[in-house]
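K.L.:
My structure is below; once you've seen it, I'll send some questions.
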Amino acid sequence: MQNTATPTHCPYCALQCGMNLTPVPDGGVEVTERADFPVNRGALCGKGRTAPAVLSSSVRLTSPLVRSGGTLVPATWDEALDRIAEELQRTRAEHGPDACGVFGGGGLTNEKAYTLGKFARVVLGTSQIDYNGRFCMSSAAAGGIKAFGLDRGLPFPLEDIPKTGCVILVGSNLAETMPPSLRFFTELKENGGTLIVVDPRRTKTADQADLHLMPRPGTDLALALGLLHLIVAEGRVDEAYVAERTAGWEDARAAAMAHWPEYVERITGVPVPQLREAVRMFCEPEAAMVLTARGPEQQSKGTDTVGAWINLCLATGRAGKPLSGYGCLTGQGNGQGGREHGQKADQLPGYRKLDDPAARRHVAEVWGVDPDSLPGPGRSAYELLDALGQDIKSLLLMGSNPVVSAPRAAHIEERIKSLDFLAVCDVVLSETAALADVVLPVTQWAEETGTTTNLEGRVLLRRQAITPPEGVRSDLEVMHELADRLGVEKGFPTDPEEVFEELRRASAGGVADYSGITYRRLAEENGVFWPCPTQDSDTHPGTPRLFLDRFATDDGRARFVPVSHRASAEEPDDEYPVLLTTGRVVAQYQSGAQTRRVDELNAAAPGPFVELHPRLAARLGAAEGDPVAVVSRRGRAVAPARITTGIRPDTVFMPFHWPGEGRANTLTNPALDPTSRMPEFKTCAVRVEAVKS
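Taken in order, the sequence shown gives residues 44 to 736; the numbers are from the numbering used here.
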């Protein structure tokens, strides 16, 4: 263990807040402030402050486990690795390479994500790889690519937010999901700017808003179209910008004009005067931004919804200009980098498309393989999970807990149980790992070095601060050992910097070009923004602000995409008359696999709940804290009632961090967006019942 503080980054959300890890006398480390990092300037939420608690051997795995006689029992590393290799080889021999599935996670470092994609395609020869980041911002990615030719969560740094004139924040509760980022919005208001929050709940973030719009869940698309209609009708379109820097405006305009304000009010429940006020607040300043998050994106029409909000920015000249633009607030720690370098079913490193012959040739040359040997695109995340035990017989899973996090979770749990073989690499014995045939204990953030890419597109270096416990190995070591056992002796190094050097070459010339970034630069700078290509002489500075000169399309113009409102995949009816929406609470993270092992966080958020309006509670005869059941076409969840006027009367809310009878994702709908393949987590039809004692 080092004797001085190690500068590094939080293991949780996509802010990737800077922190120092300082040794303590009785062993381990404590988190201390790192004020030099511009994203959080020393501030941390409770999850970041308590992150070292999960490093303790008392809460994490320290030995491989192998199922014997129906029970997971300790085993040696050789026994565990041999078993995995034998089962994967058997599956390939009996059913073909696509019978082997690989499922990754948005918390894996760039080096791990890159190696996992390479392992799937080179060692296993399977097309069946995706990751839980598909559930995070795939709709925003698809919408950004359609409009701008490139997807990066934010095309500008967070530090630009306080300097703009107005921000529309759609479907994000930053006060609970990314608390350190809220200071940028506080500074926005201190500087005279305004904040509009779009959310069906009166959240802690909505409390900060100058204007809070409360649409019915699943109607964000109609809301954006209604605002664009008013922008046209009130003569607020930046005609010169549209003519100079965009294409496709006439079709998008025609689509928006079919969504007149009174029609949009009927769909969304947002009064026309509020629509007009939102347009005024957004259009009057010289600069403005729209930021979306999971609310509008986790819908079966999420890509179109993102497109509608982008159209709003383009029509008003609020994209590709200083202090203006559309951005997506990425959720997972490395959700951005995780898809850029090969975990996603249709992508190769550098954000290259797997079905592009030139991309295949480039990456195959770096990997030293025949381009024709690389499989084609595979299934998206939910479709892959749904095929387990059917087309897919064996699964290697790293850094994900779909038993809790996947939509229609009870069904996915059954699909996982139906596999011939499941191997899981994780830090803790998650609910999914508990079902595995082999579980491998792997290193985590403070015990290894690697890079992540935060929501700004800022590539960061996480530094190793402590030695991992005996019996724990890195994911890179796992893939090296498995590749060797499966007949690929070279190409899977265990040193993360060596992996990153290969990633640089593989990404060179791609959309997400990291070739000009080195570990040395990352150690000396507060991150480097991609794209950052290699230059012959001067070092490329990175690109903190995109699109200022041209968009990443063939002709440099942004594309309007004409979209129209359509209903959600599942609307309320007499049997299921209420809408369910889901989300997070400040003290827990994602499936809770790690945060539910921290006493301080559990004290703050001990379990699930159902948030409902007093009128709905009165109809049920439910009081605060009474157990209520929420029932959908997919299952039933039970949790205590939390009664508040801060939610629409036609809507209930549940956080999704817990397993068991309060598992919110038992209820959610796996209906998929046709472009992004994002499931519709954010809205489904339910009924709510009082639970008799």
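The beta carbon of each residue, even a glycine, is placed where N, CA and C say it ideally should be. All of these numbers come straight from a predicted model, not from anything done at the bench.
Have a look at residue 487 and residue 92 and give me their C-alpha separation to the nearest angstrom.
P.N.:
So the alpha carbons of these two residues sit roughly 16 angstroms apart.
K.L.:
So within the segment 178 to 216, which uninterrupted alpha helix (DSSP H) runs reach at least 4 residues, ignoring any that extend past its ends?
P.N.:
List check, alpha helix (DSSP H) in window: nothing returned.
K.L.:
Does the count of Cβ pairs from the segment 92 to 106 and the segment 471 to 480 closer than 8 angstroms reach three?
P.N.:
Touching, per the Cβ criterion.
K.L.:
When you compare only the Cα positions, how much space is there between residue 725 and residue 213?
P.N.:
Cα to Cα, the separation comes out at about 13 angstroms.
K.L.:
Quick one: Cα of residue 457 to Cα of residue 131, how far?
P.N.:
About 21 angstroms.
K.L.:
Measure the Cβ-Cβ separation of residue 196 and residue 180 and say whether it is below 8 angstroms.
P.N.:
For residue 196 and residue 180, yes; Cβs fall inside 8 angstroms.
K.L.:
Given residue 182, which residues of its chain have a CB within under 6 angstroms of its CB, disregarding the five upstream and five downstream residues?
P.N.:
Contacts found: 340, 345, 346, 349, 716, 719 and 721.
K.L.:
From 632, 653 and 654, pick the residue whose C-alpha is nearest to that of residue 644; which is it?
P.N.:
Residue 632 is the option with its Cα nearest to residue 644.
K.L.:
Just how far apart, CA to CA, sit residue 662 and residue 637?
P.N.:
Each residue's alpha carbon lies about 37 angstroms from the other.
K.L.:
Let's see if you can read the secondary structure: which residues bound the beta strand (DSSP E) around residue 111?
P.N.:
Start and end: 108 to 111.
K.L.:
DSSP three-state label for residue 63, please.
P.N.:
Correct three-state label for residue 63: strand.
K.L.:
Closest by CA to residue 292, which one among 232, 734, 605 and 689?
P.N.:
Ranking the options by Cα distance to residue 292, first place goes to 605.
K.L.:
Assign residue 566 to buried or exposed, taking buried as 16 or more other Cβ atoms, counted over all protein chains shown, within 10 Å of its Cβ.
P.N.:
By the neighbour-count rule (16 or more Cβ atoms within 10 Å), residue 566 is not buried but exposed.
K.L.:
So, using beta-carbon positions, are residue 489 and residue 479 closer together than 8 angstroms?
P.N.:
Against a cut-off of 8 angstroms, the Cβ pair of residue 479 and residue 489 comes out as no contact.
K.L.:
Can you list, in chain order, the residues of its chain whose CB lies under 8 angstroms from that of residue 597, leaving out five sequence neighbours each side?
P.N.:
Closer than 8 angstroms at the Cβ level, and outside the excluded window around residue 597, lie 192.
K.L.:
Does the segment 576 to 593 come close enough to the segment 411 to 419 to have 3 or more Cβ pairs within less than 8 angstroms?
P.N.:
No, the segment 576 to 593 does not touch the segment 411 to 419.
K.L.:
Helix, strand or coil: which one does DSSP assign to residue 13?
P.N.:
The structure shown has nothing for residue 13, since the chain only spans 44 to 736.
K.L.:
Closest by CA to residue 585, which one among 599, 595, 600 and 569?
P.N.:
Ranking the options by Cα distance to residue 585, first place goes to 569.
K.L.:
Which first and last residues belong to the beta strand (DSSP E) in which residue 146 is found?
P.N.:
Note, residue 146: beta strand (DSSP E), 143 to 147.
K.L.:
Could you check the C-alpha separation between residue 427 and residue 137 for me, to the nearest Å?
P.N.:
About 19 angstroms.
K.L.:
In three-state terms, what does DSSP make of residue 255?
P.N.:
Of the three classes helix, strand and coil, the one that applies to residue 255 here is strand, per DSSP.
K.L.:
Please name the residue in 289, 304 and 261 whose C-alpha comes closest to that of residue 276.
P.N.:
For residue 276, the nearest C-alpha among the options comes from 304.
K.L.:
For residue 144, tell me which candidate among 153, 168 and 121 has the shortest Cα-Cα distance.
P.N.:
When only C-alpha atoms are compared, the closest one is 168.
K.L.:
Taking the alpha-carbon positions, what's the residue 44 to residue 152 distance?
P.N.:
Residue placement at residue 44 is poorly supported in this model, since its pLDDT is 42, which falls under 50; the coordinates are not used for a value here.
K.L.:
Could you tell me whether the Cβ atoms of residue 76 and residue 85 are closer together than 8 angstroms?
P.N.:
Cβ atoms of residue 76 and residue 85: closer than 8 angstroms.
K.L.:
List the endpoints of the continuous alpha helix (DSSP H) containing residue 153.
P.N.:
Here the alpha helix (DSSP H) through residue 153 covers 153 to 161.
K.L.:
To the nearest angstrom, how far is the alpha carbon of residue 452 from that of residue 708?
P.N.:
Roughly 5 angstroms separates the two Cα atoms.
K.L.:
Which residue comes first and which comes last in the beta strand (DSSP E) that contains residue 337?
P.N.:
Here residue 337 belongs to no beta strand (DSSP E); instead the alpha helix (DSSP H) covers 337 to 340.
K.L.:
Per DSSP, what are the beta-bridge partners of residue 639 in this structure?
P.N.:
Its beta-bridge partners do not exist; DSSP assigns none.
K.L.:
Quick one: Cα of residue 271 to Cα of residue 299, how far?
P.N.:
Their Cα atoms are separated by approximately 6 angstroms.
K.L.:
Between the segment 696 to 713 and the segment 316 to 325, do at least 3 Cβ pairs fall closer than 8 angstroms?
P.N.:
No: fewer than three Cβ pairs fall under 8 angstroms.
K.L.:
What separation, rounded to the nearest whole angstrom, lies between the Cα atoms of residue 59 and residue 65?
P.N.:
Distance between the alpha carbons of residue 59 and residue 65 is about 18 angstroms.
K.L.:
Give the straight-line distance between the Cα atoms of residue 667 and residue 249, rounded to the nearest whole angstrom.
P.N.:
If I take the Cα positions, the gap works out to 23 angstroms.
K.L.:
Please work out which residues of its chain come closer than 7 angstroms, Cβ to Cβ, to residue 520, disregarding the five sequence neighbours upstream and downstream, and give them in chain order.
P.N.:
Counting only Cβ-Cβ distances below 7 angstroms, and skipping sequence neighbours, we find 537.
K.L.:
Can you tell me whether residue 221 is helix, strand or coil according to DSSP?
P.N.:
It is coil, neither helix nor strand.
K.L.:
Just grab the DSSP bridge partners of residue 390 for me.
P.N.:
In the DSSP output, where bridge partners are listed per residue, residue 390 has 396.
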